[in-house]
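Contents: one structure, followed by commentary.
Residue numbers (this note's numbering): -10 to 355.
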């Protein structure tokens, strides 16, 4: 597939990458990791294994883990994209441990381009997830706008009387907040948070924070949940276990409170999936240079790219584009973007409007 087409009306604030900046970022990612390896050479690596995020500590120890291999073909060629990914994964593992507080708060910006009611529309929104080891989960969805994607489509839509467009839910009868308003969805108070239950992974927040930090161990642990998911999923496209691992790994990166070591393991696990390409330099959100893990879905006709900051190892988000034309959109059209915002532990509580419950969503908009 050709490189992503970064369409002006999809990401208008993203300039083209500067070649010198790309080279500088790549060099910094590699050199910083090598410096860290020299600095800690000779120390016992077992002393620096990350504890789970629930353990509060006054001292943060940075380290570079030994690069795990998932097979003989996983070794990168010298100086190539694989080496860059290894350095980036090392830097991800060396990020400071988050200290557990009242809620884990994760915010992402979402963009969809989809055909709705005969129009190809662009839909923007912001999601904030509030997960707690002890308190009910709260989800916030803020509508930022839904408009036809092209001037021609907008003119046709206006001639038709500007009917309501509901790209996020495909159904205007469901409860949707007005533009620039937020819908709060609290879980019932008697149910502990299971952040990954959409994947049939029944782990609570504490268990998520304790996921393995070696890619082979992480993969083995996650695969124990595949049979239940495969059996329970609704009839539809033939989703494979690798499709499921890719989606689950993506969610781990920006939705839930995993340890830095687990984050590095996710990168390595996903990079080892069949058909995954490591792209050394791509355009990231807001003009940032990124490294990407790219994979074509076996059933969607799309290619997804997980974007990673090469300097810090932080996940930047995801871009999904069509491999084949669909719904009047040509091959290469970006149909989904996820841009990672702030994710952290906070002692704040989410704002839940008075009278808002999971059974009375009409009172849950602010």
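Cβ atoms here follow ideal geometry from the backbone N, Cα and C, with glycine treated the same way.
All of these numbers come straight from a predicted model, not from anything done at the bench.
Three-state secondary structure (DSSP) of residue i
i           : result
residue 111 : strand
residue 256 : helix
residue 89  : coil
residue 39  : With a pLDDT of only 22 at residue 39, under the threshold of 50, the placement of this residue in the model should not be trusted, and no figure is reported.
residue 148 : helix
residue 274 : helix
residue 279 : strand
residue 219 : helix
residue 241 : helix
residue 184 : coil
residue 331 : strand
residue 210 : helix
residue 346 : strand
residue 143 : helix
residue 266 : strand
residue -3  : Unreliable positioning characterises residue -3 in this predicted model, as indicated by a pLDDT of 31, which lies under 50. The coordinate reading is nonetheless provided below. In this structure, residue -3 counts as coil in the three-state DSSP scheme.
residue 230 : helix
Option in the options with minimal Cα separation from residue i
i           : options               : result
residue 341 : 333, 353, 334 and 331 : 353
residue 244 : 113, 333, 176 and 279 : 333
residue 290 : 304, 110 and 318      : 318
residue 131 : 166, 154, 103 and 102 : 166
residue 283 : 294, 77 and 322       : 294
residue 84  : 200, 214, 248 and 96  : 248
residue 80  : 347, 297, 348 and 313 : 297
residue 182 : 119, 153 and 275      : 119
residue 327 : 117, 87, 86 and 258   : 117
residue 338 : 313, 91 and 168       : 91
residue 202 : 172, 187 and 250      : 250
residue 330 : 238, 314 and 274      : 274
residue 168 : 133, 147 and 200      : 133
Those residues which DSSP pairs with residue i across a bridge
i           : result
residue 137 : 110
residue 117 : 96 and 129
residue 292 : 285 and 310
residue 172 : 130 and 354
residue 318 : 315
residue 74  : Paired residues: none, contrary to the question.
residue 326 : 100 and 308
residue 194 : Looking at the DSSP assignment, residue 194 forms no beta bridge with any residue, so it has no partner.
residue 105 : 108
Whole-angstrom distance between residue j and residue i, CA atom to CA atom
i           : j           : result
residue 192 : residue 304 : 22 Å
residue 206 : residue 254 : 9 Å
residue 177 : residue 196 : 20 Å
residue 99  : residue 286 : 20 Å
residue 194 : residue 105 : 36 Å
residue 72  : residue 82  : 16 Å
residue 170 : residue 261 : 41 Å
residue 355 : residue 264 : 44 Å
residue 212 : residue 219 : 11 Å
residue 226 : residue 345 : 36 Å
residue 242 : residue 149 : 42 Å
residue 236 : residue 343 : 35 Å
residue 368 : residue 223 : Because the chain in this structure spans residues -10 to 355, residue 368 falls outside the shown range and cannot be described.
residue 144 : residue 152 : 12 Å
residue 231 : residue 288 : 11 Å
Whole-number beta carbon distance between residue j and residue i, since they are thought to touch under 8 Å
i           : j           : result
residue 115 : residue 322 : With a Cβ gap of about 23 Å, residue 115 and residue 322 do not count as contacting.
residue 302 : residue 78  : 7 Å
residue 316 : residue 136 : Between residue 136 and residue 316 the Cβ distance is about 17 Å, and since that is not below 8 Å, they are no contact.
residue 189 : residue 209 : The Cβ separation is near 17 Å, so there is no contact.
residue 175 : residue 122 : That pair is no contact at about 16 Å.
Closer than 7 Å: residue i CB and nearest the ligand PLP heavy atom
i           : result
residue 229 : The ligand PLP is not part of this structure, which contains no ligands at all.
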